Amino acid sequence: MSRGLSRRSVLGGVAGGVALLAAGAGPAAAAGAAREPYVPLAVGGGGGPAGSDRVHVLRIGPDTAHTVLVMVPGMFGAANDFRLAARDLVAAVPGVQVWSLDRREENLADRSGFRTADPAAYYLDGHYRSQDPAESGFVAGWGLARTLADLRAVVRAAARGGRRVVLGGHSWGATTAMAYAAWDFDGCPGHRDVAGLVLVDGGVLGAFDGTGEPVDTSPEKVKERLAAVEGGAVFDMTLSAVGLGDRAESTQIWYQLAGWYAHRDPDGASVLQPRMPDALRPPVPVTNAGLLGTLVDAGFGWPNDISVHSGHLADSGDPRGWVDAGITPLGRVAEAYAGGPEPAVWEWYWPARLSLDLDVTDAYAETDTARSLGLRLRHAAGLDIPLYAFQTSYAKGTIVSAAREVVANSRIPRATYETDNGMNHLDPLFAAPEGNTFTRTLAPFLRGLLA
Numbered sequence: 001m002s003r004g005l006s007r008r009s010v011l012g013g014v015a016g017g018v019a020l021l022a023a024g025a026g027p028a029a030a031a032g033a034a035r036e037p038y039v040p041l042a043v044g045g046g047g048g049p050a051g052s053d054r055v056h057v058l059r060i061g062p063d064t065a066h067t068v069l070v071m072v073p074g075m076f077g078a079a080n081d082f083r084l085a086a087r088d089l090v091a092a093v094p095g096v097q098v099w100s101l102d103r104r105e106e107n108l109a110d111r112s113g114f115r116t117a118d119p120a121a122y123y124l125d126g127h128y129r130s131q132d133p134a135e136s137g138f139v140a141g142w143g144l145a146r147t148l149a150d151l152r153a154v155v156r157a158a159a160r161g162g163r164r165v166v167l168g169g170h171s172w173g174a175t176t177a178m179a180y181a182a183w184d185f186d187g188c189p190g191h192r193d194v195a196g197l198v199l200v201d202g203g204v205l206g207a208f209d210g211t212g213e214p215v216d217t218s219p220e221k222v223k224e225r226l227a228a229v230e231g232g233a234v235f236d237m238t239l240s241a242v243g244l245g246d247r248a249e250s251t252q253i254w255y256q257l258a259g260w261y262a263h264r265d266p267d268g269a270s271v272l273q274p275r276m277p278d279a280l281r282p283p284v285p286v287t288n289a290g291l292l293g294t295l296v297d298a299g300f301g302w303p304n305d306i307s308v309h310s311g312h313l314a315d316s317g318d319p320r321g322w323v324d325a326g327i328t329p330l331g332r333v334a335e336a337y338a339g340g341p342e343p344a345v346w347e348w349y350w351p352a353r354l355s356l357d358l359d360v361t362d363a364y365a366e367t368d369t370a371r372s373l374g375l376r377l378r379h380a381a382g383l384d385i386p387l388y389a390f391q392t393s394y395a396k397g398t399i400v401s402a403a404r405e406v407v408a409n410s411r412i413p414r415a416t417y418e419t420d421n422g423m424n425h426l427d428p429l430f431a432a433p434e435g436n437t438f439t440r441t442l443a444p445f446l447r448g449l450l451a
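Under the working numbering, the letters of the sequence shown match residues 1 to 451, in that order.
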């Protein structure tokens with residue numbers, strides 16, 4: 001992974017939650033699926049192919065809960081981002097259920113290969129159905145307005161029966177949650193729909209400034225990017241810079257494959273190593289777990305926003321295995337990255353228009369540029385619900401400083417700010433419960449809302 005990748009390429013995307021494997025699932029997996037259903041919800045028309053006018057939510061925790069925490073994944077992330085953390089939260093806070101969102105773009109992915117015995121052959125030999133950008137002009141309309149309309153359908157479904165809804169997200173998912181709170185839904189402020197906000201390593205008002213990668217949202221640059229989208233560049237292609245393929249979905253497929261094999265056969269010789277590009281192939285033979293470790297661990301020099309603190313390759317062995325030595329055991333990452341087929345850990349086809357809209361949302365006001373894009377961010381000053389903000393080492397402190405600015409310029413009655421500089425951007429999603437400062441500090445915030 002190049003350190004020169006822009007922030008947009010990795011905002012929460014290399015993330016996912018624990019998978020219940022469809023192929024060969026036994027009674028325990030079936031019982032888990034019953035407790036954690038993956039539910040489709042119909043949403044408004046978006047002009048896409050049949051079956052795309054829906055989103056999905058992964059529901060974790062009891063249906064009898066009176067509070068629902070709706071979580072939005074970050075860029076290239078999917079519903080499984082939050083399964084592990086959600087299980088820990090549900091265990092710690094009785095009365096809470098967690099819903100994790102899969103955006104409508106997930107309907108475009110062909111995940112059937114993960115039902116086969118040899119997913120590597122299915123995907124790396126080109127047998128899967130890839131979404132052709134030339135036939136995907138409808139995605140040009142899948143920006144923030146479309147995403148928030150879909151998210152509102154989820155929030156309203158969660159609120160049925162008088163239940164309290166708390167809205168949050170990770171990375172750009174946190175930005176999305178903040179946009180929802182300030183959005184004008186035909187005269188109704190979005191924050192009226194929710195009882196609290198949860199920001200995990202993301203937000204607005206310069207939340208990502210500490211990464212050292214500012215985004216140009218000048219009118220000229222916005223017009224240039226909008227013209228590119230309307231001209232056919234509908235998918236955000238920045239993950240292609242990783243070097244694992246030149247299609248919108250290439251990197252996501254490789255990471256999910258690495259998780260699949262590491263979860264199924266961690267100690268076996270890596271299936272993927274011989275097929276990796278030369279620049280990314282480990283120089284010594286490694287196990288399936290060892291290969292996944294090289295793709296996710298901070299010790300191998302990957303950027304903060306796509307890495308965790310897991311461990312290191314064994315000093316010996318042929319092939320070399322993985323040694324856990326950090327807050328995020330590789331087994332948890334493997335379980336997470338293994339993917340579905342459904343729900344999965346990756347969003348394959350992130351809309352370039354959504355990237356543009358979220359960049360402009362950082363100003364958190366209905367500026368001339370925001371109005372030109374149809375972004376109805378009219379109610380930031382009226383926010384009057386509790387807020388929780390958590391930051392890792394990723395943005396060097398600007399997540400919390402930006403959250404404090406939001407609070408200072410609104411009517412938010414109370415806020416909780418937490419920091420763990422021993423974590424990288426993805427550690428809060430996968431870290432073991434005893435080492436996860438995020439879940440341990442969010443739990444009392446949620447209890448306070450229930451009181």
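C-beta atoms are modelled at their ideal positions from N, C-alpha and C, and glycine is treated no differently. Just so it is clear, the structure is predicted and the values come from calculations on it, not from any experiment.
If we count Cβ pairs, one from each stretch, closer than 8 angstroms, do we get three or more for the segment 191 to 198 versus the segment 155 to 169?
yes
What does the Cβ neighbour count give for V284, buried or exposed, with the cut at 16 atoms within 10 Å?
On the sequence shown, position 284 is the one that residue 284 refers to. Exposed, since its Cβ has fewer than 16 Cβ neighbours within 10 Å.
Between the beta-carbon of L356 and the beta-carbon of R156, is there less than 7 angstroms?
Taking the sequence shown and counting its residues from 1, one reaches residue 356 at position 356. Taking the sequence shown and counting its residues from 1, one reaches residue 156 at position 156. The criterion of a C-beta distance shorter than 7 angstroms is not satisfied by L356 and R156.
I'd like the list of long-range same chain contacts for A86, defined as Cβ closer than 6 angstroms, with 5 residues on each side in sequence excluded.
Here residue 86 refers to the residue found at position 86 when the sequence shown is read from its first residue. Cβ within range, chain order: I60, V98.
To the nearest angstrom, report how far apart N491 and R264 are at their CA atoms.
Any answer about residue 491 is impossible in this case: the structure gives the chain only from 1 up to 451.
Which term fits H66, buried or exposed, when burial requires 16 or more other beta carbons within 10 angstroms of its beta carbon?
Counted from its first residue, the sequence shown places residue 66 at position 66. With fewer than 16 Cβ atoms within 10 Å of its Cβ, H66 is classed as exposed.
With C-beta atoms as the reference, is M423 less than 7 angstroms away from T398?
Position 423 of the sequence shown, counting from 1, holds the residue named residue 423. Position 398 of the sequence shown, counting from 1, holds the residue named residue 398. Cβ distance not < 7 angstroms, so M423 and T398 don't count as in contact.
Determine the extent of the beta strand (DSSP E) in which Y388 is found, giving its start and end residues.
Reading the sequence shown from its first residue, position 388 is the one you call residue 388. Counting along the chain, the beta strand (DSSP E) containing Y388 begins and ends at 387 to 391.
Which runs of the alpha helix (DSSP H) at least 4 residues long sit entirely within the segment 47 to 126? Give them in chain order.
83 to 92, 119 to 124
Can you name, in chain order, every residue of its own chain whose Cβ lies under 6 angstroms from the Cβ of A431, other than the five neighbours on each side?
Locating residue 431 in the sequence shown gives position 431, counting from the first residue. Contacts found: I327, T328.
Is it buried or exposed for A73, if we count other Cβ within 10 angstroms and need 16 for buried?
Locating residue 73 in the sequence shown gives position 73, where the first residue counts as 1. Strictly speaking, residue 73 in this sequence is Pro, with Ala absent from that position. Label assigned to P73: buried.
Would you decide whether G161 is buried or exposed? Buried here means 16 or more other CB atoms lie within 10 Å of its CB.
Counting from 1 along the sequence shown, the entry for residue 161 is found at position 161. So G161 counts as exposed.
Given 8 angstroms as the limit, is there contact between the segment 293 to 304 and the segment 369 to 380, that is, 3 or more CB pairs closer than that?
no
With burial defined as no fewer than 16 other Cβ atoms inside 10 Å of the residue's Cβ, what is the status of S250: buried or exposed?
Position 250 of the sequence shown, counting from 1, holds the residue named residue 250. The residue is buried, with at least 16 neighbouring Cβ atoms inside 10 Å.
Alpha carbon to alpha carbon, what distance is there between V93 and E434?
Taking the first residue of the sequence shown as position 1, residue 434 is located at position 434. Taking the first residue of the sequence shown as position 1, residue 93 is located at position 93. The alpha-carbon atoms of E434 and V93 are separated by roughly 16 angstroms.
To the nearest angstrom, how far is the alpha carbon of A269 from that of F235?
Indexing the sequence shown from 1 puts residue 269 at position 269. Indexing the sequence shown from 1 puts residue 235 at position 235. Distance from the CA of A269 to the CA of F235, rounded to the nearest whole angstrom, comes to 35 angstroms.
Let me confirm a value: P214 is counted as buried when at least 16 other C-beta atoms fall within 10 Å, else exposed. Which label applies?
If you number the sequence shown from 1, residue 214 lands on position 214. P214 is exposed by the Cβ-count criterion.
State the CB to CB distance for the pair T369 and V204, rounded to an integer number of angstroms; the pair is presumed to be in contact (CB under 8 angstroms).
By one-based count along the sequence shown, residue 369 stands at place 369. By one-based count along the sequence shown, residue 204 stands at place 204. The pair is not a contact, with the Cβ atoms about 14 angstroms apart (cut-off 8 angstroms).
In this structure, how does DSSP classify A279 when only helix, strand and coil are distinguished?
Stepping through the sequence shown from its first residue, residue 279 is reached at position 279. A279: helix per DSSP, three-state reduction.
Give me whichever residues DSSP pairs with G168 in a beta bridge.
What you label residue 168 is simply residue 168 of the sequence shown in a count that begins at 1. According to DSSP, G168 bridges with M71, V198.
Indicate whether P386 and V200 have their beta-carbon atoms separated by less than 7 angstroms.
Counting from 1 along the sequence shown, the entry for residue 386 is found at position 386. Counting from 1 along the sequence shown, the entry for residue 200 is found at position 200. No.
Evaluate contact between the segment 35 to 54 and the segment 132 to 142, counting only Cβ atoms and requiring at least three cross-stretch pairs below 8 angstroms.
yes
Could I get the ranges of all uninterrupted alpha helix (DSSP H) runs contained in the segment 245 to 318, with 4 residues as the minimum, in chain order?
If one requires a minimum length of 4 residues, the alpha helix (DSSP H) runs lying completely within the segment 245 to 318 are 250 to 264, 288 to 296, in chain order.
Bridge partners for D184 per DSSP, in chain order?
Counted from its first residue, the sequence shown places residue 184 at position 184. BP columns for D184 point to P189.
Quick check on this structure: which residue in L330, L108, F114, F438 has the alpha carbon closest to the alpha carbon of G340?
Against the sequence shown, residue 340 aligns to sequence position 340. Closest option to G340, Cα to Cα, is F114.
Which one of Y337, L330, F82, N409 has the shortest CA to CA distance from Q252?
Locating residue 252 in the sequence shown gives position 252, counting from the first residue. Checking every option, the nearest Cα to that of Q252 belongs to Y337.
Buried or exposed: which applies to G187, given that a residue is buried once 16 or more other Cβ atoms fall within 10 Å of its Cβ?
In the sequence shown, residue 187 corresponds to position 187, counting from 1. Here G187 is exposed. Its C-beta has fewer than 16 other C-beta atoms within 10 Å.
In terms of alpha-carbon separation, which member of G259, D246, A443 lies closest to A91?
Here residue 91 is taken as the residue at index 91 of the sequence shown, counted from 1. Selection G259, D246, A443 evaluated against A91 yields A443 as nearest (Cα-Cα).
Assuming contact is defined by CB atoms lying nearer than 7 angstroms, are S410 and L383 in contact in what I supplied?
Counted from its first residue, the sequence shown places residue 410 at position 410. Counted from its first residue, the sequence shown places residue 383 at position 383. A contact, by the Cβ cut-off of 7 angstroms.
Heavy atom of the ligand GDP less than 6 angstroms from the Cβ of L292, yes or no?
Although the ligand GDP was asked about, the structure shown includes no ligands whatsoever.
Could you check how far apart the C-beta atoms of V271 and Y388 are, in whole angstroms? I think they sit under 8 angstroms.
For the purposes of this step, residue 271 is taken as the residue at position 271 of the sequence shown. For the purposes of this step, residue 388 is taken as the residue at position 388 of the sequence shown. No, V271 and Y388 are not in contact; Cβ-Cβ is about 41 angstroms, not under 8 angstroms.
Could you pull out every residue in the same chain whose Cβ sits closer than 6 angstroms to the Cβ of W183, ignoring the five residues on either side in sequence?
Working through the sequence shown from its first residue, we reach residue 183 at position 183. Result list for W183: L148, G190, R376, in chain order.
Between T416, V57, A365, which has its C-alpha nearest L151's C-alpha?
On the sequence shown, position 151 is the one that residue 151 refers to. Of the candidates T416, V57, A365, the one whose C-alpha sits nearest the C-alpha of L151 is V57.
Using DSSP with H/G/I as helix, E/B as strand and the rest coil, what is D209?
Residue mapping note: residue 209 aligns to position 209 of the sequence shown, counting from 1. D209: helix per DSSP, three-state reduction.
Is the separation between the beta-carbon of A314 and that of V308 shorter than 7 angstroms?
Your numbering for residue 314 matches position 314 in the sequence shown. Your numbering for residue 308 matches position 308 in the sequence shown. No; because the gap between Cβ atoms is not below 7 angstroms, this pair is not in contact.
How long is the line joining the alpha carbons of V109 and W254, rounded to whole angstroms?
Taking the sequence shown and counting its residues from 1, one reaches residue 109 at position 109. Taking the sequence shown and counting its residues from 1, one reaches residue 254 at position 254. One detail in the question is off: residue 109 reads as Ala in this sequence, not Val. Whole-angstrom Cα-Cα distance: 14 angstroms.
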